[in-house]
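2 protein chains.
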Amino acid sequence: MDDMTEPRSGPRMRDVARAAGVSAMSVSRVLREPALVSPELRARVEAAVREVGYVPNRLAGSLSSRRSEVVGLVVPSLENSLFAATVKGISDVLRRAGFQLMIADSGYGPEAEEAAIRAFLGQRVAGLILHDTLHTEGTVQMIRRAGVPVVENGTLTETPLDMVVSYSNREAARAMTRHLARLGYRRIALVTLPAGVNARSRDRRLGFQEALAELGLPLDPRWMLEMPPGLASGAEAVARLMEGEAPDAIFFAGDVLAAGALLECQRRGWAVPGRVAIAAFDNVDLLAHMNPPVTTLHLPRHEIGTRSAQMLLDRLARRQSGPATVDLRFEIIQRAST
Amino acid sequence: MDDMTEPRSGPRMRDVARAAGVSAMSVSRVLREPALVSPELRARVEAAVREVGYVPNRLAGSLSSRRSEVVGLVVPSLENSLFAATVKGISDVLRRAGFQLMIADSGYGPEAEEAAIRAFLGQRVAGLILHDTLHTEGTVQMIRRAGVPVVENGTLTETPLDMVVSYSNREAARAMTRHLARLGYRRIALVTLPAGVNARSRDRRLGFQEALAELGLPLDPRWMLEMPPGLASGAEAVARLMEGEAPDAIFFAGDVLAAGALLECQRRGWAVPGRVAIAAFDNVDLLAHMNPPVTTLHLPRHEIGTRSAQMLLDRLARRQSGPATVDLRFEIIQRAST
DNA sequence: TTGTACGCGTTATCAT
DNA sequence: ATGATAACGCGTACAA
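The listed protein sequences correspond, in order, to chains A and B. Just so we're aligned, residue 1 is where the first sequence starts under UniProt numbering, counting upward by one. Just so we're aligned, residue 1 is where the second sequence starts under UniProt numbering, counting upward by one.
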């Protein structure tokens, strides 16, 4: 039965020092620079640390050293598994370096992002990783004033805050569109997420339009839909596009729209790709296992995370200096749905 | 062109105080207890805050007050979207209370969990939320010594560290098994994730066995499979179970195994539920959109998050005192696959 | 209502 | 190689 007294503060460095019969500074050194310390001292201190169950207070440490081992990450949504791969990459690299990860979502737009970043800066994070590339003025000012390194992830923005690690959404959409044309499709439709505050969707639409123009294919505005995320959206989109003058291929450039569409085709008995071909944007496991398997892009989601974290760490270690843009490659995965 | 000098520390409270012509304490009060301060003082201070772009240092604040507004969360995997709903619930509640979230994954087992918790305690988190319920001795000791409130989420463990918010994996598995029997199925197989270090899988297997015993149905060990997570696993499981003496229903109690199995049945031309019925454990969007839609359980994933965070906040505000177990309800969603 | 003094637990710096 | 001292930036407790 625990007694519910005041939250204990636990043993401090000086308690360890006393137990080991040394000064607090020696304890600090043993913990951070064991090489600079005599083996005997180290042994005594390490024993004392275990004896009293000492867990160093990183708040005090960071306050004093003016450094922190926490990175702040802002993703558009915590529920979207597309970001999960990137988060995993970030987390893996940070953990090995002894860094912690704080996460917030900006689901409600750039203002929510600003609030999250303000909170992170209050915690004096060592760096920031942002998925979105569209920020409020206040956000930009805060970040500049704070002088923390930042990596943006969502798309290869031309106006980066600092560092960017991503792939080109525009080139990826362009490549897939050209791929569909190469396969013989001529009436190609595009479905994206709402492009309003989503730079990624905007870039994908641009790439699609570019490709059609280059190929001399018709660009019918009725064949460019914006739908909210979700399987139901994909189903609705394909149903809507197929009534009237139907496309022969649909490029679903976002979320799980393509999967939803294919499932709807199965229900309606529409042959894929016989009646309409379907292509997706993201190489989620599901698409490979569907019937037919769905043609899609493979994007370096995990690598975006590892590279982002690594660049941040390099900058913090002064191993790298200025802004930088890393353009990671994507790949087309041709499957039976096209 | 930024000059890459030393990381600036930014304006401090005393800088704001000077700019406003008041004492630092007044700045602190304006920020934390605006009600106790005269309107004019507040106005001057708020203007000064904006003028110098002040962002309070929460490291210093927490060090001084011995309180923090950070909660540590450990999930088994950052890539599994099942946890995402819970994380979202946690994040939503914490944000409204001005709390931040630190996240780590324990993908490599209880030792990784211990390391994550040690790091969190070093950051002096106000509380912990753990998905797993199986911990090392070191973990238990550390948490007791630190005296931080803890919520466990994964299953209704009978040996909680402190608070538990979950549903009963055992009852849920039992209920679904009985449901299948009620529908007339008699040769019921079970597929779970490896139950080794996974208390959830263990509880599900127990519930399944209980139900069979109660119903007087045969318990053939060859009909209880353990498979790694993933669609491919589900496909392999159904293929393996259907050779030889085949079950008439398969209960896939984990991950997306059921979806993988159904897709495999489509490929093989096995009618579902004609040839074999399929039930799943988690109400992911996909299952509702498949052909046929898949019978499953609806689990209170999001509510687990909100309730966990709320209980933690309540405890921190001294509004609730002791250990507690919250048993949230689940629900059977009967669909065409059974 | 506002201000002063001190301490939170650690690290940087300098001295021995 | 080890120790003493003074910050780090804020909040608590008390005084005015």
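All C-beta atoms, glycine included, are put in the ideal place defined by N, C-alpha and C. Since this is a predicted model, take the numbers as computed values, not measurements.
Cβ pair residue i, residue j closer than 8 Å
i, j, result
"R200 of chain B", "T155 of chain B", "yes"
"V87 of chain A", "L312 of chain A", "no"
"S68 of chain B", "R124 of chain B", "yes"
"R329 of chain B", "P293 of chain B", "no"
"T192 of chain B", "A253 of chain B", "yes"
"P323 of chain B", "V276 of chain B", "no"
"V55 of chain B", "L121 of chain A", "yes"
"L41 of chain A", "V30 of chain A", "yes"
"L130 of chain B", "V74 of chain B", "yes"
"A280 of chain A", "T296 of chain A", "yes"
"L59 of chain A", "L63 of chain B", "yes"
"V93 of chain B", "T306 of chain B", "yes"
"residue 339 of chain B", "N153 of chain B", "The first residue shown for chain B is 1 and the last is 338, placing residue 339 of chain B beyond what the model contains."
"A24 of chain A", "R14 of chain A", "yes"
Selection from the options that minimises the alpha carbon distance to residue i
i, options, result
"N169 of chain A", "A:P300, A:V22, A:S81 and A:A19", "A:P300"
"A195 of chain A", "A:L183, A:P229 and A:E137", "A:P229"
"D105 of chain A", "A:T192, A:A84, A:F281 and A:A288", "A:A84"
"E331 of chain B", "B:P273, B:A261 and B:R174", "B:R174"
"E226 of chain B", "B:E214, B:L257, B:D15 and B:R268", "B:L257"
"A146 of chain B", "A:N198, A:S9, A:A317 and A:F208", "A:S9"
"P76 of chain B", "B:L63, B:E114, B:V148 and B:M142", "B:E114"
"R144 of chain A", "A:L215, A:I117 and A:V165", "A:I117"
"P149 of chain B", "B:L190, B:G72, B:G269 and B:P273", "B:G72"
"V140 of chain B", "B:L63, B:P110 and B:A213", "B:P110"
"G138 of chain A", "A:L161, A:N153 and A:T157", "A:L161"
"G107 of chain B", "A:L219, A:H135, A:G89 and A:G184", "A:G89"
"Q310 of chain B", "B:V165, B:V27, B:I188 and B:V197", "B:V165"
"residue 359 of chain A", "A:A172, A:V70 and A:Y185", "Shown here, chain A extends from 1 to 338; a query on residue 359 of chain A therefore has no answer."
"R96 of chain A", "B:R95, B:A112 and B:R96", "B:A112"
"T157 of chain B", "B:D132, B:E243, B:M142 and B:T136", "B:D132"
"H224 of chain B", "B:G244, B:E245 and B:I188", "Reading off the sequence shown, one finds Met at residue 224 of chain B, where the question assumed His. Considering only alpha carbons, the answer is B:I188."
"P11 of chain B", "A:E210, A:M142 and A:P273", "A:M142"
"R202 of chain A", "A:H289, A:A172, A:L241 and A:R318", "A:A172"
"H289 of chain B", "A:A259, A:P273 and A:R318", "A:A259"
"D255 of chain B", "B:S65, B:N80, B:G61 and B:R66", "B:N80"
"A119 of chain A", "B:E210, B:D220 and B:N57", "B:N57"
Assumed close pair residue i, residue j - CB separation to whole angstroms, cut-off 8 Å
i, j, result
"D282 of chain A", "L82 of chain A", "6 Å"
"I278 of chain A", "I304 of chain A", "Between I304 of chain A and I278 of chain A the Cβ distance is about 25 Å, and since that is not below 8 Å, they are no contact."
"H302 of chain B", "I333 of chain B", "That belief does not hold up - the Cβ atoms of H302 of chain B and I333 of chain B are roughly 16 Å apart, past 8 Å."
"L316 of chain B", "A126 of chain B", "6 Å"
"L212 of chain A", "S91 of chain B", "About 40 Å; that fails the 8 Å criterion."
"N291 of chain A", "R267 of chain B", "6 Å"
"L134 of chain B", "V197 of chain B", "6 Å"
"Q320 of chain B", "D314 of chain B", "4 Å"
"F208 of chain A", "L183 of chain A", "Not really, about 16 Å apart at Cβ, beyond 8 Å."
For residue i: DSSP bridge partner residues
i, result
"A317 of chain B", "DSSP output for A317 of chain B lists no bridge partner at all."
"A277 of chain A", "A:A249"
"V125 of chain A", "Answer is none; V125 of chain A lacks a bridge partner."
"Q100 of chain B", "B:V70"
"I333 of chain A", "A:T296"
"V165 of chain A", "A:V326"
"D15 of chain A", "According to DSSP, which records beta bridges pairwise, D15 of chain A is partnered with nothing at all."
"I188 of chain B", "B:A249"
"V150 of chain A", "A:L128"
"M25 of chain B", "Its beta-bridge partners do not exist; DSSP assigns none."
"M224 of chain B", "B:L190"
Q: Would you be able to state if there are at least three C-beta pairs under 8 Å between the segment 40-50 of chain B and the segment 16-27 of chain B?
A: yes
Q: Examine the Cβ distances between the segment 170-184 of chain A and the segment 93-103 of chain A and report whether three or more of them are shorter than 8 Å.
A: no
Q) Does the segment 260-275 of chain B come within contact of the segment 231-246 of chain A, defined as at least 3 CB pairs closer than 8 Å? A) no
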